[in-house]
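For reference, the structure is listed below as structure tokens.
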DNA sequence: GTCCTGTTTCGACATCGGTCAATATCGACC
DNA sequence: GGTCGATATTGACCGATGTCGAAACAGGAC
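Here's what the structure looks like:
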């Protein structure tokens, strides 16, 4: 599986200017749209929420399949979209693949929609 | 900067369970997906940001057209999508139509992605 | 090695979504 | 009334996306 390398996003330099602060640059808008597009599907929202709300902040695909009326390949596809958007990452442990939320990514979005500066408290 | 009053939204009832709190119900996910889908396009993100970052929190279509390389019908289409998602509303005053952001909607999203309860401090 | 289970990828299909040119509507002004 | 400028709607094109079944892949147990 070494071919699927992916640039592994650099979340670090994400200086999210709140949406209300200054007009988004075309580049920033394009980058943001990727994350938001990944979140724009009900199934993916539920998957992300299901992962995020577990006690351990992680879940395997088999856990995520219960309660969602989609075939398992479709769920796998949605998880891939979330992963490529940098919202979750995954790790194989034995038979199962565990997905975790990338909390920095969620926080970035929270800051983005924040109406004023109170949000700077992050980290 | 006293103009930034905000309609004194009833944050109280804004019971947006943060994504990490409990699994989203199918209904909640579908409702959320509408807003996020509206935000999943770079052009709409830039339009929303352009509106939100004006001094008066509103802008007419002619203002929004400058700096965005899209035809006028396309911009009008994107604004319609934003409006139908409840993210902006519009008002005609004479010849021009002014768009405003619905700040409650943005705040809802900010709370949604908040990693924990710190966000409740707003205002 | 052979099975079995969990997960991903592949092809195909139907639908959705962004964009434009053309046209329509609305309001101001003469 | 007529005309003009600003905005909205329509219709069409075409690429993107959600979904599935089938097949491939990965690891553990035997």
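Chains as they are written, first to last, in this note's numbering: chain A, 2 to 124; chain B, 2 to 124. Built from N, CA and C at the ideal position, the CB exists for glycine as well.
Worksheet entry | Contact set between the region 28 to 43 of chain B and chain A, restricted to residues whose Cβ is under 7 Å from the partner | Here the close residues are 30, 31, 33, 34, 37, 38, 40, 41, 42, 43.
Practice prompt. With 7 Å as the C-beta to C-beta threshold (strictly closer), list the residues of the region 91 to 118 of chain B near chain A in chain order.
Written response: 104, 107, 108, 110, 111, 114, 115, 116
Discussion item. For residue 84 of chain B, list the residues DSSP reports as bridge partners.
Written reply: According to DSSP, which records beta bridges pairwise, residue 84 of chain B is partnered with nothing at all.
Practice prompt. Use the C-beta contact count for residue 21 of chain A: other C-beta atoms within 10 angstroms, 16 or more gives buried, fewer gives exposed.
Written response: buried
Fill in: Between the CA atoms of residue 94 of chain A and residue 53 of chain B - distance to the nearest angstrom
45 Å
Practice prompt. Verify whether the separation of the beta carbon atoms of residue 80 of chain B and residue 100 of chain B is less than 8 Å.
Written response: Yes, Cβ-Cβ distance for residue 80 of chain B and residue 100 of chain B is below 8 Å.
Practice prompt. With 8 Å as the threshold, decide whether the Cβ of residue 24 of chain A is near any Cβ in chain B.
Written response: yes
Worksheet item: For chain B, is any of its Cβ atoms less than 8 Å away from the one on residue 83 of chain A?
Response: no
Worksheet item: residue 53 of chain A touches chain B at which residues, Cβ-Cβ below 7 Å?
Response: Residues of chain B passing the Cβ test: 20, 21.
Worksheet item: Rounded to the nearest angstrom, how far is the Cβ of residue 30 of chain B from that of residue 43 of chain A, given a contact under 8 Å?
Response: 4 Å
Worksheet item: Residues in its own chain within less than 8 Å of residue 89 of chain B by CB, not counting five upstream and five downstream?
Response: 49, 52, 80, 83, 100, 101, 102, 103
Worksheet item: In chain B, what lies closer than 7 Å to residue 50 of chain A by C-beta?
Response: The answer, in chain order, is 20, 24, 25.
Item to complete: Please go through the same chain and pick out, in chain order, the residues whose beta-carbon is closer than 6 Å to the beta-carbon of residue 97 of chain B, but skip the five residues on each side of it.
Response: 61
Worksheet item: If you run the structure through DSSP and keep just helix, strand and coil, what is residue 60 of chain B?
Response: strand
Item to complete: Closer than 9 Å by beta-carbon distance: list the chain B residues that pair up with residue 88 of chain A, in chain order.
Response: Per Cβ cutoff of 9 Å: no residues; residue 88 of chain A is ~10 Å from chain B at best.
Item to complete: Taking C-beta pairs closer than 9 Å, name the residues in chain A that residue 71 of chain B reaches, listed in chain order.
Response: Those within 9 Å of residue 71 of chain B in chain A number zero; the least Cβ separation is about 11 Å.
Worksheet item: Applying the criterion that 16 or more other CB atoms from any shown protein chain within 10 Å of the CB defines a buried residue, is residue 19 of chain A buried or exposed?
Response: Residue 19 of chain A comes out buried.
Discussion item. Could you check whether the Cβ of residue 46 of chain A sits closer than 8 Å to any Cβ belonging to chain B?
Written reply: yes
Worksheet item: Nearest-angstrom Cα distance between residue 71 of chain A and residue 26 of chain B?
Response: Residue 71 of chain A and residue 26 of chain B have their C-alpha atoms roughly 15 Å apart.
Fill in: Three-way DSSP call (helix, strand, coil) for residue 1 of chain B in this model
Past the edges of chain B, shown from 2 to 124, lies residue 1 of chain B, and the structure says nothing about it.
Worksheet item: How many whole angstroms separate the CB atoms of residue 34 of chain A and residue 77 of chain B, which I take to be in contact at a CB cut-off of 8 Å?
Response: Taking a contact as a CB-CB distance under 8 Å, the pair residue 34 of chain A and residue 77 of chain B does not count as one, their CB atoms being some 20 Å apart.
Worksheet item: Cα separation between residue 58 of chain A and residue 47 of chain A?
Response: 14 Å
Worksheet entry | Start-to-end residues for the alpha helix (DSSP H) that takes in residue 104 of chain B | 104 to 114
Worksheet item: To which residues of the same chain is residue 115 of chain B closer than 7 Å at the C-beta, ignoring the five residues directly before and after it?
Response: 19
Worksheet item: How long is the line joining the alpha carbons of residue 67 of chain A and residue 73 of chain A, rounded to whole angstroms?
Response: Taking the straight line joining both Cα atoms gives about 10 Å.
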